[in-house]
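And the structure:
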C-alpha cells in the first residue's frame, strides 16, 4: 500500500519537460550541487564585471527602465497625435515605427508602395514629414528610438536636420537607430543593398555617432526578429552576439578603437512567456558580451563591456483566438524582461494578432508595465532570481548552448559568411517548423488555440488605416517636389553618389541631402545606382 | 489524384514577415505536395507570371503588413487572366471583417494565426477535388 502511494506520487504529467520547443530539458528539482561549478566571478555583484546580475549597482532602485512603446501609423499628423497621447499617459521615451516603403527606400508614390502607405508605420518621405512628426515635441528633451535599418543613415540624417531646425545641436540628441542590417538578411527582411555595401553604411553611422553624437546609440543589435522568425532562446542569444562580433570587427577594420564606439552599441531582445528561461537568457547574454568584449577585443571602458538592451514582448505568441488572454501573456513576458534587467521595454497590445493595435489595447499594454513597476515589488531589489538553483543553472546552460553557435559561426568565418551560406536562416526556419509541428500535435499547448478552445470568435475593435492616407501622402509628396529647390536636390544627390563610390563617411552628405528635402526614395536610388540591390538566397 | 499537387507560396508587397510562409511551404511539402517558395517583396504581376510558368494548381499568398486588401485581389485578378483553375488562398494578419471582401475577390480561403498545417493541406486537397469534379460536369 505504501509502495503504491509512493509510485503514484512519483508519476509525472509528461515524460520530459522542456523550457520551450527545442529548449533545455528541465529537471524535477535543482539543488546546490547543480551549482558546484559556478564560481563567484561568474555572477559577481550588480554593476560589476561580468555584469551577470545587472549593469547598474542599483538596478531599478536608481532608475526604472524606460517604458518605450513602438508606435507609428498613417500620416505624420496622426502619429504625432498618438505620441502626444502616450506622452500624457506617462510614457518616457518614443519609438518610431516607419512604414515599409520608408524602411525599404521607396517613396510613397512608388508602384511597390501601393497598399503599404501608412500601414506598418508612419509615412516619412522627406524632412518635411519628419518636421511634422515631431511638431510640438522638443527633441532636446526626449529620447527617440527609430526602427530603421537599410535606410537608417537617411532617416538619422533627417532627424538631425529636423533637430537643427528646432535649434538643437546633434550632440544633444538622445536615442537609438536600429541600424542592424545583418538580422535583416536573416529574419526581418527590409534590406536593400548587398552585405558589403550595407556593412559600410552601418559602420559609417556608428563612426559618425561616435564622433558627433555622444548620447546616441548607433546600433541596436537585435535578436528579437530572429526569435519572432522562429529561433529558440539559445539561438537568439548565440546569433545576436555573433552579429555583434561581426559589427565590432567591421569597426576595428575601419581603424576605430574599440572603446571609442562600443559604449554606444545597444541590443534588442525578445521576451517569451517561459519566464525563467527568459530571465536566464538575459543574465547569460550580459555575462557573455562582457567576456567577449574584454577577452576577444580587449575593451577596457566598462561601458564597452555592458550589454544594454531593449526588450519587446513576443508578437508571435499572441493569439487571434480569445484575444484578451494575450494581456496575461504580455504581463508574464514583461515580468520576465524586468526580472532579467532590461533598460527599456515595449509591451505588445492584446489585439495584435488581429490588426494594428487600437487605443484601449495600447493603454492596457503600457499600464501592464506600470503595474509591474509600481505594484509588483520585483523592481525593488536587483536581480531577485540570482542565486536560484534553477535560474543559475539555466543561465549556464544558455551560455553554453549560445557559445556553441558562436563557435560554429566563427568556424565559418563570421556572421556575414554564415548568412551568405544560409546557415543561420536554415537553423531558424527549422526551429520555426519544429515549433509549428509541436503546436499542431498538441505537444506544445497554446491556451485557447489547441486546448481550452471556444467558438466565441468575437472581433475586438482594432485600428484601420484608410486608403485616403495613401492619397494624402502622395499629394503631399507631389507638392513638395514642386515647391523645393530642385537644382539643389540634383546637386546633393550627385554628391551622395560620389561619396558612396569612395570611402568617405556618408553621413555629412546625407544630412545635406535631407536639408534640401531630397526624399527617401531619391536618396536610396542614388545609393542603389552605386551599390546595386540584394536578392535573398532560396533556403527552402 | 495521381499527379502531385503543385503549390506556389509567395509574399506580395514589402512585408518581410516570412515565418508563416516558410512554415506552410515546409508543411505542404511534408504533406506530399510540390512546393515552390518564391520569396518576398514581389509584385502581383511577378507572382501571377510565376504561377503560369510553374504551372501550379495553388497559389498561397501571405501578408502581415495590412496591405492585403490591395495586394490579394490584384494578384487573383492577374492569375485569373491567365488561368481560371488556379486555387488562390491567403494568410497573415487579416482582420475578420476583410475576409468576405477577399473571398468575393476570389481568395478561396483565408488562414489566420492558429491554423494547423493539416487544415491547410486538407482544404487544398478538397478544393482541388471539387474543382476537378466541377470541370467534369
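Protein chains in written order, with the numbering used here: chain A, 30 to 569; chain B, 26 to 162. Ideal Cβ positions, reconstructed from N, Cα and C, are used throughout, including at glycine.
Min CB distance residue i to chain A below 9 Å
i: residue 44/B; result: yes
i: residue 48/B; result: yes
i: residue 82/B; result: no
i: residue 159/B; result: no
i: residue 66/B; result: yes
i: residue 28/B; result: no
i: residue 32/B; result: no
i: residue 39/B; result: yes
i: residue 52/B; result: yes
i: residue 35/B; result: no
Exposure of residue i, with buried meaning 16 or more beta-carbon neighbours within 10 Å
i: residue 508/A; result: exposed
i: residue 158/B; result: exposed
i: residue 167/A; result: exposed
i: residue 470/A; result: exposed
i: residue 254/A; result: buried
i: residue 125/B; result: exposed
i: residue 30/A; result: Caution applies to residue 30/A, whose pLDDT of 48 falls short of 50 and renders its modelled position unreliable; the value that the coordinates give is listed next. Residue 30/A should be labelled exposed.
i: residue 376/A; result: buried
i: residue 186/A; result: buried
i: residue 310/A; result: buried
Residue i - containing beta strand (DSSP E), residue span
i: residue 88/B; result: 83-88
i: residue 299/A; result: 294-300
i: residue 129/A; result: Unbroken run through residue 129/A is the alpha helix (DSSP H), 129-132; no beta strand (DSSP E).
i: residue 114/B; result: 112-117
i: residue 175/A; result: 172-176
i: residue 125/A; result: 122-126
i: residue 251/A; result: 248-251
Any C-beta of chain B under 9 Å from that of residue i
i: residue 101/A; result: no
i: residue 282/A; result: no
i: residue 30/A; result: With a pLDDT of only 48 at residue 30/A, under the threshold of 50, the placement of this residue in the model should not be trusted, and no figure is reported.
i: residue 456/A; result: no
i: residue 473/A; result: no
i: residue 383/A; result: yes
i: residue 557/A; result: no
i: residue 478/A; result: yes
i: residue 149/A; result: yes
i: residue 398/A; result: no
i: residue 248/A; result: no
i: residue 176/A; result: no
i: residue 93/A; result: no
i: residue 142/A; result: yes
i: residue 353/A; result: no
i: residue 97/A; result: no
i: residue 465/A; result: yes
i: residue 272/A; result: no
i: residue 21/A; result: As displayed, chain A neither begins before 30 nor continues past 569, which places residue 21/A out of reach and without an answer.
i: residue 345/A; result: yes
i: residue 552/A; result: no
First and last residue of the uninterrupted alpha helix (DSSP H) at residue i
i: residue 141/A; result: No alpha helix (DSSP H) contains residue 141/A, which DSSP labels as neither H nor E.
i: residue 544/A; result: 536-544
i: residue 160/A; result: 156-162
i: residue 188/A; result: 181-194
i: residue 552/A; result: 549-560
i: residue 287/A; result: 287-290
i: residue 265/A; result: 262-282
i: residue 95/B; result: 93-107
i: residue 129/B; result: 124-129
i: residue 132/B; result: Counting along the chain, residue 132/B falls outside any alpha helix (DSSP H), and DSSP gives it neither H nor E.
Near the ligand FMN: residue i beta-carbon under 8 Å from a heavy atom
i: residue 242/A; result: Looking at this structure, you won't find the ligand FMN or any other ligand, since it has none at all.
### Within 9 Å of chain A by C-beta, residues of the stretch 91-118 of chain B in sequence order
91, 92, 93, 94, 95, 96, 99, 118
Self-check item: Those runs of the alpha helix (DSSP H) which lie wholly inside the stretch 434-516 of chain A and span at least 4 residues
Solution: 444-449, 452-470, 497-512
Near-chain A residues of the stretch 124-157 of chain B (beta-carbon distance less than 7 Å), N- to C-terminal order = 137, 138, 139, 141, 142, 143
Q.
Ignoring anything shorter than 4 residues, give me the alpha helix (DSSP H) runs that lie fully in the stretch 197-231 of chain A, in order along the chain.
A. none
* Asked: Along the chain, which unbroken stretches of the alpha helix (DSSP H) at least 4 residues long are found entirely within the stretch 316-397 of chain A?
  -> 331-334, 354-369
Discussion item. Please give the ranges of any beta strand (DSSP E) in the stretch 44-104 of chain A, keeping only runs that are unbroken, at least 3 residues long and fully inside the region.
Written reply: 95-100
Along the stretch 104-134 of chain A, what residues have a CB closer than 9 Å to any CB found in chain B?
-> 128, 129, 130, 132, 133
Name the residues in the stretch 425-451 of chain A whose C-beta lies less than 7 Å from a C-beta of chain B; which are they?
none
Practice item. Report the residues of the stretch 256-268 of chain A with a CB closer than 8 Å to any CB of chain B, ordered along the chain. Key: 257, 258, 259
Fill in: Every unbroken alpha helix (DSSP H) within the stretch 27-65 of chain B, with a cutoff of 4 residues, ordered by chain
44-55
Chain B contacts from the stretch 206-224 of chain A (Cβ-Cβ distance under 9 Å): 213, 216, 217, 218, 219, 220
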